[in-house]
Ligand code: MN
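Numbering (our numbering), first residue to last: 382 to 570.
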């Protein structure tokens, strides 16, 4: 957790510097309050995944770029463990394992996400051309697409245009675990 906060603080400062954005401007672009952004930069806050996603969206960048450094190029086989990577930023009822962080040459990032019972998240549209894939590994969940909650059962695989509002929720008593592959058309992330 400490390490995550440190990395977040670092990367937020770096992204702001790259863009030349003040905290005020960053608050406008991301929809996250200036106070919260300041706390994150000082390492005093553990933002929710929803907040992280907002920040990434404001910078038109991937979520994973706020979770860990972009992997070095020219690596061969990569073996990672969701069990080891799974983390729970802040107090929200969602666990995130960044299985394959965003890399420009591939144009996607892939997560294992766990929705704990009762969790609901509405997502702002990602930038134009972003496509999401949801593959439900275990449990049951619902996906909000075109203003309709669509129930999914284990094994369901869905691809949708994520440049429109969408959402995820789990109304059951058991966790729902899914793979989320987010593909970016513009690979300058
Ligand atoms: Mn999304």
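All residues carry an ideal CB built from backbone N, CA and C; glycine is no exception.
Taking residue 561 and residue 515 to be in contact with their CB atoms under 8 Å, please state how far apart those CB atoms are, rounded to whole angstroms.
6 Å
By the three-class DSSP mapping on this structure, what secondary structure does residue 539 have?
strand
Closest residue to residue 409 among 521, 436 and 530 (Cα-Cα distance):
436
Note down, in chain order, each residue of its chain lying with its Cβ closer than 6 Å to the Cβ of residue 474, except the 5 sequence neighbours on either side.
497 and 500
What ranges does the alpha helix (DSSP H) occupy inside the region 418-469, keeping only unbroken runs of at least 4 residues that lie completely in it?
430-439 and 463-466
First and last residue of the beta strand (DSSP E) that includes residue 513?
512-519
Drop a sphere of 10 angstroms on the beta-carbon of residue 487, count the other beta-carbons inside from all chains shown, and report buried for 16 or more, exposed for fewer.
exposed
When you compare the CB positions of residue 549 and residue 511, do they come within less than 8 Å of one another, or not?
no
Strictly by DSSP, which residues pair up with residue 502?
549
Inter-residue CB distance, residue 518 and residue 559 (contact presumed, cutoff 8 Å):
About 6 Å separates the beta carbon of residue 518 from that of residue 559, a gap short enough to meet the 8 Å contact definition.
For residue 430 and residue 476, I'd like the C-alpha separation in whole angstroms.
9 Å
Please say whether residue 490 and residue 443 have beta carbons closer to each other than 8 Å?
Closer than 8 Å, so yes.
Run the proximity test for residue 443: is its beta-carbon closer than 7 Å to any non-hydrogen atom belonging to ligand 1?
Within the chosen limit of 7 Å, ligand 1 does not reach the beta carbon of residue 443 with any heavy atom.
In angstroms, rounded to a whole number, what distance separates the CA positions of residue 555 and residue 544?
29 Å
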